[in-house]
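**Student:**
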Amino acid sequence: GENVEQHPSTLSVQEGDSAVIKCTYSDSASNYFPWYKQELGKRPQLIIDIRSNVGEKKDQRIAVTLNKTAKHFSLHITETQPEDSAVYFCAAPYSGGGADGLTFGKGTHLIIQP
Amino acid sequence: EAQVTQNPRYLITVTGKKLTVTCSQNMNHEYMSWYRQDPGLGLRQIYYSMNVEVTDKGDVPEGYKVSRKEKRNFPLILESPSPNQTSLYFCASSFRPRAYEQYFGPGTRLTVT
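Protein sequences appear in the order of chains C and H.
Residues are numbered in our numbering as their position in the first sequence, beginning at 1, plus a constant of 253.
Residues are numbered in our numbering as their position in the second sequence, beginning at 1, plus a constant of 242.
1. Can you tell me whether C:Gln313 is helix, strand or coil according to DSSP?
2. Between the alpha carbons of H:Thr297 and C:Val266, how many angstroms are there, rounded?
3. Taking just the CA atoms, how far does C:Ala282 sit from H:Pro195?
4. Write down the C-beta distance between H:Leu352 and H:Ser322 rounded to the nearest angstrom, noting that I regard them as a contact closer than 8 Å.
5. DSSP three-state label for H:Asn270, please.
6. Between H:Glu304 and chain C, is any beta-carbon pair separated by less than 7 Å?
7. Does DSSP put C:Glu255 in a helix, in a strand, or in coil?
8. So C:Thr333 is in the beta strand (DSSP E); what residue range does that whole segment cover?
9. Taking a Cβ distance cut-off of 9 Å, strictly less, list which residues of the segment 283-295 of chain H are near chain C, in chain order.
10. Would C:Pro297 count as contacting chain H if we go by Cβ distances under 7 Å?
11. Any idea what DSSP makes of C:Asn284, helix, strand or coil?
12. Taking all protein chains shown into account, do 16 or more other C-beta atoms lie within 10 angstroms of the C-beta of C:Ile365, making it buried, or fewer, making it exposed?
13. Would you report the Cα separation of C:Tyr278 and C:Thr263, rounded to the nearest angstrom?
14. Give me the residue from H:Pro325, H:Ala334 and H:Asp301 with the minimum Cα distance to H:Leu283.
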């Protein structure tokens, strides 16, 4: 099955600075890479995703880049704001061994320092 | 409003007392899944369902059961809960399992004493 590694587990940045979270995956056939944001006490929600036919996707202050050769993808948040404080999860698809769905990384706790 | 609902939101129970956590979605999604979230371990899949009457094990199925008798509902059953099942549980649904957004329910905080 798919193995997704996410780093760092905790990231503290000054408000206004950029934040980068990285994930690696193991299955070269994977073709869909979403990022979920989970605010404290809330459910995970999709914030951006990328498919394997593009290398980068942007949505205002957030962007995701994909390197299929190296099998890694990253979330970039620019001009960080207090509301960006949350846990972020990357994910990659898997199928096999009776399982089917998304494998999630262990999460990154992003802390925005005022 | 498109949504996934779960009940109860909070539950404290004792070892061995059977319980059911309900999950319902109104988006006509075929795929539904249960996850548990534990500190430092992220989201781990318990069971999933590709459609009515089609269910299968995820990564951590031991001690859990599910059923999918209707497309909109996917209850999680703990027939004999144990303290190691104390966790935060999320139900999710999606149009397809691997290439579309998963919509999560609000979560159920379960404590087994």
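We put the beta carbon where it would ideally sit given N, CA and C, even for glycine.
Predicted model, so just to flag it, every value in this text is computed and none were measured.
**Tutor:** Checking against the coordinates, here is how it stands:
1. Residue state, collapsed to three classes: coil.
2. So the two alpha carbons sit approximately 43 Å from each other.
3. Examination of residue 195 of chain H is not possible in this model, given that chain H is present from 243 through 355 alone.
4. Contact flag wrong, Cβ pair sits at about 14 Å.
5. Reduced to three states, the DSSP call for H:Asn270 is coil.
6. Chain C, which has no Cβ nearer than 7 Å to the Cβ of H:Glu304, makes this no.
7. Residue state for C:Glu255 is assigned as coil, using DSSP reduced to three classes.
8. The continuous stretches of beta strand (DSSP E) do not include C:Thr333, and DSSP gives it neither H nor E.
9. For the segment 283-295 of chain H, which is checked against every Cβ of chain C, the residues closer than 9 Å are Leu283, Gly284, Leu285, Arg286, Gln287, Tyr290 and Met292.
10. The beta carbon of C:Pro297 sits closer than 7 Å to some beta carbon of chain H.
11. Assignment of C:Asn284 by DSSP, reduced to helix, strand and coil, places it in the coil class.
12. Its Cβ being crowded by 16 or more others within 10 Å, C:Ile365 is buried.
13. Taking the straight line from one Cα to the other gives about 19 Å.
14. Nearest of H:Pro325, H:Ala334 and H:Asp301 to H:Leu283, Cα basis: H:Asp301.
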